[in-house]
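The listed protein sequences correspond, in order, to chains E and X. Using my numbering, you'd call the opening residue of the first sequence number 1298 and step up by one each time. Using my numbering, you'd call the opening residue of the second sequence number 1018 and step up by one each time.
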Amino acid sequence: MGESLANSQLGAFAYDPAPESTSVVNLHASYGLFIDGEFTEPSSHEHFVTLNPANEELLATIAQSSEADIDRAVRSARRAYDTVWSKTSGAERAKYLFRIARLIQERSRELAVLETLDNGKPIRESRDVDIPLAAAHFFYYAGWADKLDYAGFGVNPRPLGVAGQIIPWNFPLLMAAWKLAPALAAGNTCVLKPAESTSLSALALAEILQQADLPPGVVNIVTGDGASGSALVEHDGVDKIAFTGSTEVGRLIQQRTASSQKHLTLELGGKGANIVFEDAPIDEMIEGIIDGIFFNQGHVCCAGSRLLVQESIADEVLRRLVRRVDQLRVGDPMDKNTDIGAINSAAQLSRIEELTAYGEREGATRYTSSCVLPEKGYWFAPTIFADVAQSHRIAREEIFGPVLSVLTFRTPEEAVVKANNTKYGLACGVWSEKGSRTLWVAQRLRAGVIWANTYNRFDPTSPFGGMRESGFGREGGRHGLEGYLDV
Amino acid sequence: MSEERLDVRKTYKLLINGAFPRSESGRSYKVETATGEFLANVAQGSRKDVRDAVVAARGVQQKWWGATPYNRGQVIYRLAEMAESRRAELREHVMLCEGLELEVADRLVSRTIDTMIWYAGWTDKITQVLGGANPVAGPFFNFSLPVPSGVIGIVSSQDSSFEGFVDAALAPIAAGNTVVALASERRPTPAVLLGEMTATSDFPPGVLNVITGVTSELAPVLCAHEDVDGVDLTGVAPEDVDELNVVAAGSIKRVFRLRDVDDDALRRIRAFVETSTVWHTIGQ
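In structure tokens, the structure reads:
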């Protein structure tokens, strides 16, 4: 793109709204717990509400699991493991998983709309990323179920038993797929606890499991708040805990499981460095930086939230980024043109507001998009901070929102030191046309995933997970089986 | 008129950053043989010694991992050569510490030296065995590499003073980690001997640090240290494991405990490696 075109007022073009229809989704007024193959009332008869974060309208009420409900779900999973699933051949398990993958594909439009209603993410992302990847995960791990002998962990590797799985709200159905598919392929049964604010797609998945005739109890889905998750973590009948969420909660879970024989994998927070060298192709790089931080409103543990830009191009990169941010379309998540949707909850919005206030107070320079935010719902305009120092809170703490911190460097050595100057180790990006330098940097980054000349790519065949305080264990690929096998 | 020669005894010291200091605390403690006879006064390491050792291990980790796997294999092979030439001394100490018959101790030392060779051969195999290319659905070259966790703290077996120690220390070292190892409290001298051998095996200073002393005093320091990436709690008393697990969770450490001696050997190596996955665009 030439400079003249890039300078034109693209942001001034008017778009007509192009809303996706929500008629494809039939919401129930109230949802129960999915235990032993059926939807049941919680023992407490308590429900909580789930809202559409884009307009704060009530979507449905969701069952709150008590300790007794968690116990019932774990017992159901144990019974299914002992009587059915551990006696089901790998080839048969594979066929169930293939069925589930196909059912997700068949109902993909409905699931995408449901996900966007409940989560607030743009329909473009739930339609093109979340749902297709969820189906792909089941399809990929289906193929492993009868090939575990070839996975590199010795002959006849055994499953662990009952897996308790706790997932976050940022990619609700996709995270459910990341957890369930490898666990079931390896021969475990599951109790899945979705995030409190995004239970709906997991409950739709429960219907899909019924349609697939998955034997009752092989997967149980228990909705609720942190207390429900805590009850699952502490339940004696669980052999394995897999958790995706914040480092703070992950630390608590590691401590709480310390005196048990439970296996544990943790996929926690991050503060990903996106390193930009002066020779990088600038147009792709600008789009990559934008995608790296603003994808899914920045509600991404591996977001490229720290931009490390080489000093020689820092001014130009910042100028282009600020202009590009102003062109991002923020608003109705159901609109197919929308780039940035709603913040998932009021609590998350206030956390983003608190940290960005610190950014200004600590002396960083703030650029915020001039976009008009909707009146109702939870919204945060995409924001870039320049002149950020490594000691600033916005450079050290995970914001989990559409906020980019820009720092500079002169040499590759300095870039590596700054990138690694964090307690986290989840993901990094490197942008350069010089392959040898990219690999040199990649070798030195302490991160589980490194994207070179791209960012935020996910694939079921590609292991994902962190180092250091970003957790341990991998999801995806052959490596993703390890956390669900007794090896 | 021959007079029996008085032998020259050795002072058993710590190994930190390639040097052999007495504990900075000046403390030592008495070590006895399995039959209760005096064997040696051994340095009683302190919290500060552990912290110094972690600094040394961190300082050299990038260098050790940055060396070619071929080179790392040769360094470990060199250790086996040194052990072979000092096998009489090793056998003596294993026999005394573990209360074994001479032939049994001899077989144990032989087996352990063979284990060193085995690890020497692992250094340039781990990447291919644990890593690989990933066939993603898009125009990307995508590969996963096993990389070391970093600095590993080891509380080695209290009983298996030599064989257990070598297994615990060399598995992470072969994978590119650096190690701070607590020797068996009651049977520390074989580990001290191994440390001495690394000094003549081209081990960069700090790759293996050996601390002797009281396990219940030092293990919590190692488990709490924020610059330690993983801990092996094999030698911790069962009643103390839970508490140390909790301490280690403070900085999300990788925790390993040997299940039994016949554990899959690759499990030891996998315990302290991380998978790093690199995506690169493919285009003209």
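Ideal Cβ placement from N, Cα and C applies to all residues, glycine included.
Helix or strand or just coil, what does DSSP make of residue 1299 (chain E)?
Residue placement at residue 1299 (chain E) cannot be trusted, given a pLDDT of 41 that sits under 50; what the coordinates show is reported in the next sentence. It is coil, neither helix nor strand.
Closer than 7 Å, Cβ to any Cβ of chain X: which residues of the region 1548–1562 of chain E, in chain order?
1548, 1551, 1552, 1555 and 1556
DSSP state of residue 1305 (chain E), grouped into three classes?
Residue placement at residue 1305 (chain E) cannot be trusted, given a pLDDT of 46 that sits under 50; the coordinates are not used to answer.
Looking at C-beta atoms only, is the number of pairs between the region 1366–1381 of chain E and the region 1342–1349 of chain E that lie closer than 8 Å three or more?
no
Around the Cβ of residue 1639 (chain E), are there at least 16 other Cβ atoms within 10 angstroms (buried) or fewer (exposed)?
buried
Residue 1587 (chain E) - DSSP class collapsed to helix/strand/coil:
helix
So what's residue 1170 (chain X) in DSSP terms, helix, strand or just coil?
strand
Since residue 1067 (chain X) and residue 1211 (chain X) should fall inside the 8 Å C-beta cutoff, what is the C-beta to C-beta distance between them, to a whole number of angstroms?
Not quite, the Cβ-Cβ distance comes to about 18 Å (not below 8 Å), so this is no contact.
Ignore the nearest five residues each way along the sequence and tell me which others in residue 1611 (chain E)'s own chain have a CB closer than 8 Å to its CB.
1703 and 1705
So, at 6 Å on beta carbons, what are the nonlocal neighbours of residue 1683 (chain E) in its own chain, with the 5 sequence-adjacent residues on each side left out?
1615, 1662 and 1703
So, are the CB atoms of residue 1767 (chain E) and residue 1723 (chain E) less than 8 Å apart?
yes
For the candidate residues E:1343, E:1782, E:1775 and E:1783, whose alpha-carbon lies nearest to that of residue 1146 (chain X)?
E:1775
Own chain, CB closer than 6 Å to residue 1061 (chain X), minus 5 neighbours either side, in chain order
1040, 1044, 1045, 1046 and 1230
I'd like the list of long-range same chain contacts for residue 1345 (chain E), defined as Cβ closer than 6 Å, with 5 residues on each side in sequence excluded.
1359 and 1361
How is residue 1246 (chain X) classed by DSSP in three states: helix, strand or coil?
coil
Checking contacts by CB at 8 Å: is residue 1292 (chain X) closer than that to chain E?
yes
Can you find the residues in the same chain that come closer than 7 Å, C-beta to C-beta, to residue 1621 (chain E), ignoring five residues on each side of it along the sequence?
1583 and 1587
So residue 1253 (chain X) contacts chain E; which residues on that side make the cut at Cβ distance below 8 Å?
Going along chain E, no residue has its Cβ under 8 Å from residue 1253 (chain X), so there is no contact; the nearest lies around 12 Å.
Report the partner residues of residue 1632 (chain E) according to the DSSP bridge assignment.
E:1316
Given residue 1685 (chain E), which residues of its chain have a CB within under 7 Å of its CB, disregarding the five upstream and five downstream residues?
1661, 1691, 1692, 1702, 1703 and 1704
For residue 1296 (chain X), go through chain E and note every residue whose CB falls closer than 8 Å to its CB, in chain order.
1746, 1747, 1748, 1749, 1751, 1754 and 1759
Taking DSSP as the reference, what is the three-state secondary structure of residue 1289 (chain E)?
A question about residue 1289 (chain E) goes unanswered here, because the residues of chain E that appear run from 1298 up to 1784.
Does residue 1765 (chain E) have its Cβ less than 8 Å from a Cβ in chain X?
yes
Examine chain X for any beta-carbon lying closer than 8 Å to the beta-carbon of residue 1302 (chain E), and answer yes or no.
Residue placement at residue 1302 (chain E) is flagged as unreliable, the pLDDT there being 43, under the threshold of 50; the coordinate-derived value follows with that caveat. Not closer than 8 Å to any Cβ of chain X, the Cβ of residue 1302 (chain E) fails to qualify, so no.
For residue 1503 (chain E), count the other beta carbons within 10 Å of its own beta carbon; 16 or more makes it buried, fewer makes it exposed. Which is it?
buried
Residue 1776 (chain E) CB to nearest chain X CB: under 8 Å?
yes
Could one say the Cβ of residue 1544 (chain E) lies closer than 8 Å to chain X's Cβ atoms, at least one of them?
yes
Which stretch, first to last residue, makes up the beta strand (DSSP E) that contains residue 1049 (chain X)?
1045–1049
Residue 1189 (chain X) by DSSP, collapsed to three states: which one?
helix
Excluding sequence positions up to five away, which residues of its chain have a Cβ less than 7 Å from the Cβ of residue 1667 (chain E)?
1623
Tell me, please, whether the CB atom of residue 1399 (chain E) is closer than 8 Å to any CB atom in chain X?
no
Mind pulling the alpha helix (DSSP H) runs of 4 or more residues that sit fully within the region 1639–1717 of chain E?
1643–1658, 1690–1693 and 1709–1717
For residue 1571 (chain E) versus residue 1601 (chain E), is the C-beta spacing smaller than 8 Å?
yes
Output the distance between the C-alpha atoms of residue 1091 (chain X) and residue 1221 (chain X), rounded to the nearest integer angstrom.
13 Å
Give me the residue from E:1335, E:1406, E:1664 and E:1372 with the minimum Cα distance to residue 1681 (chain E).
E:1664
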